[in-house]
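Below is one structure; the comments refer to it alone.
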Amino acid sequence: MLDDFLILIGRFHPLIIHLPIGFIVLGILIEFNSKKFKWSNDALKFIFFWATITGILSIISGFLQYQNGGYIWETVQNHFLAGILTVVLSFSFYLKLIENSLFKPVPRNFFTIGNSVILLIAGHLGGNITHGEEHLIEPLKNLASFNKVQSKSVKYYSDFKEKPLFSSVIQPILDEKCVKCHNSKKSNGKLKMHNSNELIKGGRNGSIINFEFPEMSEMYIRIHLPKEEKKHMPPKGGKQLTREEINVVSNWIKNGSSFEKSVNEFKLDESIISYFFSIEKPFYPIENVSTPDIETIKKIREKNILVNPISKSSNFFSVSSLNYSKFSDIDLSIMSSIRENIVNLDLSESKVTDSVFFNLKYFSNLTVLKLNNTNILGQNIDELSQLKNLKRIYLVNTRFDVQNIEKIIQIKGLEKVYLFQEDRILKAPLKLPNNYEEILEFGNYSLNNSMQNKKS
Ligand code: HEC
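With the numbering used here applied, the sequence shown corresponds to residues 347 to 802, in that order.
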């Protein structure tokens, strides 16, 4: 009961603080116009008396807010001190006004200017606590960069499925909902949760993870206790775990609280996965690129090379040399000034050789590369390993050497490599890592095999 009452008072802090602010601002205004108002001294006495009283109420409510709202002392201490200083200043000014001998020698301006400054500081620090440190700077930053495309920090499932569930999902939840009370500076219950080592160490009552009987884990029990229970975590009044967060943390604990086991291996429900991750990754890069140079595009088109934006307002382009069969390695240089704009490049049926890869590695947004019906062996194809967006490579009917599969494997992020050859059968010469069985497309295997069987 009393707890709830104190929490309630704490919650009123953002409202209560406006009382002393109002009094002080009014007082300062009157003081600056004191020559105009004959009554100013009487009014100021009244005003700074009440500024002091409401200031004290603000400090009390602020302290309750700190205690129950899960704030770290380090973040609130300066605001707290500034608040106290504001009240002290208001009260000393009141004492001066009622002609207390102690404050006689202090000039009046000291109080008014001091009060203005400290009020601004206290208010700003308070704003930082509720809205984050950047709450004033952020809109300025946004203004400065309003025409840049903001890339959101979306987590794509495909990027995380092989990574540990703990570092990808669990620790971020703890960071958001638990760490403010359980860290190296403020460790309630002597428990720290800001990294896995501390988490394993546990708190005042020892380990909070029971590897033998997971459901007996203190951590598991606490998040499942009814919210009204005193031991429920996060404590009532603080930001609670969502249903999905409870689900995934429970799942993690029940399955052995592994710090290595990957997201994949937990076999989470579809709904849980889609709560934490974005499933569909956009095919083309999300970052924006500058508008390509029109002159360059004209020059390329003069060579009968097709250059077209991938969609109406996009700065990303598809380029194809199909109508210019003489296209060779050196021709790539006419594209160098727009290479960041090219996401689809079709050099099929051209004269390019394996040295083309030394140049292609600078096409940083390249997503689809077609080299069908060329003499490519795949010798330097590992040069492309620095291309983060490269998803598909077409090497159909080339002179591709299977030994170079090892080099393809070094290109991360590939979704498909088409290696079908009409005149011969390609097969990986080595054991393929993980999902490369699916990425490398050798064509219709079974058909080829059965035909071979018939022949022999
Ligand atoms: C608002 C501050 C606050 C937040 C947020 C918070 N806790 Fe706590 N936690 C406490 C306090 C205070 C204690 C000590 C009192 C107690 O044992 O209930 C505690 C104790 C614990 C304990 C018992 C430690 C021991 O050995 O006795 C566990 C486990 C725990 N918290 C887990 C969590 C988890 C998990 C989260 C996030 C989902 C969390 N806490 C978020 C304040 C918090």
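Even for Gly, the Cβ is constructed at its ideal location relative to N, Cα and C.
- A Cβ-Cβ contact shorter than 8 Å links Asn-726 with Ser-701.
- Here Asn-654 is bridged, per DSSP, to Ser-664.
- Distances from the CB of Met-562 to the heavy atoms of the ligand HEC are all 7 Å or more.
- Residue nearest to Ile-418 within the set Phe-369, Cys-527 and Phe-394 is Cys-527 (criterion: CA-CA distance).
- DSSP, reduced to helix, strand and coil, places Ser-514 within a helical segment of the structure shown.
- For the 8 Å CB-CB criterion, Leu-390 and Glu-377 form a contact.
- The DSSP-derived three-state label of Arg-589 is helix.
- In terms of CA proximity to Glu-606, Phe-506 leads the group Phe-506, Leu-443 and Gly-724.
- Listed as beta-bridge partners of Glu-787 by DSSP are Tyr-764.
- Excluding its 5 nearest sequence neighbours in each direction, Gln-411 has C-beta neighbours in its own chain below 6 Å: Gly-356 and His-359, listed in chain order.
- Straight through space, the alpha carbons of His-425 and Gly-469 are spaced by roughly 8 Å.
- Residues Ile-370, Gly-373, Ile-374, Thr-432, Leu-435, Ser-436 and Phe-439 of the same chain have their beta carbon placed closer than 8 Å to that of Asn-461, with the five preceding and five following residues left out of the count.
- Burial is judged here by how many other beta carbons sit within 10 angstroms of a residue's own beta carbon; Pro-366 has at least 16 and is buried.
- Taking C-beta atoms under 8 Å as the contact rule, Glu-752 and Ile-785 fail to qualify, at a distance of about 14 Å.
- Going by DSSP, Ile-370 is part of the alpha helix (DSSP H) stretching over 364-378.
- Not one heavy atom of the ligand HEC sits closer than 7 Å to the Cβ of Met-681.
- Taking non-hydrogen atoms of the ligand HEC into account, the C-beta of Lys-577 is found less than 7 Å away from one of them.
- Three or more Cβ pairs drawn from the segment 663-670 and the segment 692-709 lie within less than 8 Å of each other, which places the two stretches in contact.
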